[in-house]
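Undergrad:
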Amino acid sequence: MKGGREACSGQRSKPVITGMFGLLFCLAVLAANATAVIASPSSVSAANYYEMTANPWYVSLGVKGYQQTTDYTCGPAAVMSLLHWYGRLDASELNAATELRIAREMGTGDLQSRRPGTSVAQMTNWLERNGFRVASGEDGTLELLQKFLKKKIPVLVEWIDWGGHWVVATGYHAAYESPTRGPDTIFFADPASHWANPDNPDGISSFNAWRFRDMWLDVQYLNPGHVTRRVYIIAVPAKPRQ
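Residues in the sequence shown are numbered consecutively from 233, following this note's numbering.
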C-alpha cells in the first residue's frame with residue numbers, strides 16, 4: 233500500500249507499481265481519498281428540551297439545574313437542584329455560599345486535593361444526615377431511570393462528561409417506542425450547562441440516551457484508575473414537608 237501511494241505522489245524512494253495496473257491502482261486510491269466522508273448516524277441526535285411537547289413517551293419532572301460556581305462542586309450543586317425540587321431548599325439559598333457550605337460538609341475535594349470531587353459515599357452520607365432516605369448502586373440501566381422518573385423521583389447519576397460529572401436525571405423521551413422510532417433522549421438538570429450554553433434558563437442539558445448509557449462511567453474520580461460503571465443515587469425525603 234505504501235508503494236502504491238508513493239507511485240501516486242511521484243516519490244521514488246521505493247519501487248512502484250507500473251503499467252496499466254499501477255495507473256488503475258493510483259486512480260482508485262485518489263478516488264477513495266476524495267470520497268472518504270463518513271456521514272454522521274442519525275442515532276446520535278437528541279431532542280431539544282425547549283421544543284418538547286407532552287406525549288405518551290415523554291416524562292419530565294421539571295427539576296431546574298442550579299449552576300456550579302467552581303470546577304469541582306458538581307456534586308453539591310446537583311444535590312442543591314434535588315433539594316430545591318423537593319422543597320427542601322429555598323430559591324434564595326441557591327447561591328455560591330450554600331454550594332460551598334454543602335461542599336465543606338460533604339468533604340468535597342478541589343482539583344488540587346488528593347481526592348477531588350465528591351464520592352458516592354460523601355453524597356449519600358450527607359443526604360442521610362439531612363433527612364433523606366437514600367439508595368445507591370452501580371450498573372444502573374436506562375430502564376431503571378425511566379422507572380423512577382415515572383414515579384416522579386429524580387435520580388442523581390455520575391458519568392464521564394467533563395472527566396467525571398454529577399447531574400440529576402429529570403426527564404426521558406422514549407422516542408424509539410413511539411411511531412417515529414427515533415433515538416431516545418435523556419434530560420439532565422446539569423450543574424455545568426452554563427459552560428456549554430449560557431442562555432439556558434433552566435440549566436437543562438439533553439443527550440442521546442444510548443450514547444449516555446455507553447458513557448455512564450468514571451475512571452478518574454470515584455475510584456481512580458478503576459472503571460466504575462453506571463453509578464446512581466436515589467434520594468427521597470424521609471418525612472413529608474411540614
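Backbone N, C-alpha and C fix where the C-beta goes; we use that ideal spot for every residue, glycine too.
Quick caveat: nothing in here was measured; it's all calculated off a predicted structure.
Could you say which of GLU331, SER324, GLN378 lies nearest to THR305 if we only look at CA atoms?
TA: GLU331
Undergrad: GLN300 to ASN455, Cα distance in whole Å?
TA: About 23 Å.
Undergrad: What residues in its chain sit with their C-beta under 8 Å from that of VAL459, if we drop five residues either side in the sequence?
TA: LEU449, ASP450, VAL451
Undergrad: Please list the segments of the beta strand (DSSP E) lying wholly inside the stretch 363 to 438, counting only runs of 3 or more residues, in order along the chain.
TA: DSSP runs (the beta strand (DSSP E)) wholly in the stretch 363 to 438: 364 to 369, 387 to 391, 397 to 405, 417 to 421.
Undergrad: Does DSSP classify GLY349 as helix, strand or coil?
TA: strand
Undergrad: Can the beta-carbon of VAL295 be found less than 7 Å from the beta-carbon of VAL400?
TA: In this structure, VAL400 lies closer than 7 Å to VAL295 by Cβ.
Undergrad: Quick check: what's the CA-CA separation for GLY403 versus LEU315?
TA: CA-CA distance, GLY403 to LEU315, rounds to 17 Å.
Undergrad: Span of the alpha helix (DSSP H) holding VAL311?
TA: 306 to 317
Undergrad: Please state the DSSP three-state secondary structure of TYR281.
TA: In the structure shown, TYR281 sits in a helix (DSSP, three-state: H, G or I).
Undergrad: Have a look at the DSSP bridge pairing and note the partners of SER324.
TA: DSSP output for SER324 lists no bridge partner at all.
Undergrad: From what residue to what residue does the beta strand (DSSP E) around ALA441 run?
TA: First-last for ALA441: 441 to 447, but that is the alpha helix (DSSP H), not the beta strand (DSSP E).
Undergrad: Buried or exposed: GLY349, going by 16 or more other Cβ atoms within 10 Å of its Cβ?
TA: buried
Undergrad: Determine the burial state of TYR282: buried for a count of at least 16 other Cβ atoms within 10 Å of its Cβ, exposed for fewer.
TA: exposed
Undergrad: Kindly identify the DSSP beta-bridge partner or partners of VAL468.
TA: Its beta-bridge partners are ARG365.
Undergrad: For a quick check, are the C-beta atoms of PHE419 and ILE392 less than 7 Å apart?
TA: no
Undergrad: Where PHE380 and THR373 are concerned, what is the direct C-alpha to C-alpha distance, given to the nearest angstrom?
TA: Straight through space, the alpha carbons of THR373 and PHE380 are spaced by roughly 11 Å.
Undergrad: In the structure shown, what three-state DSSP assignment does CYS240 receive?
TA: Model confidence at CYS240 stands at a pLDDT of 37, short of 50, so the residue's coordinates are unreliable; what they give is reported in the following sentence. The answer is helix: DSSP assigns CYS240 an H, G or I state.
Undergrad: Between the Cα of TRP394 and the Cα atoms of GLN378, ARG413, ASP371, ALA424, which residue gives the shortest distance?
TA: ALA424
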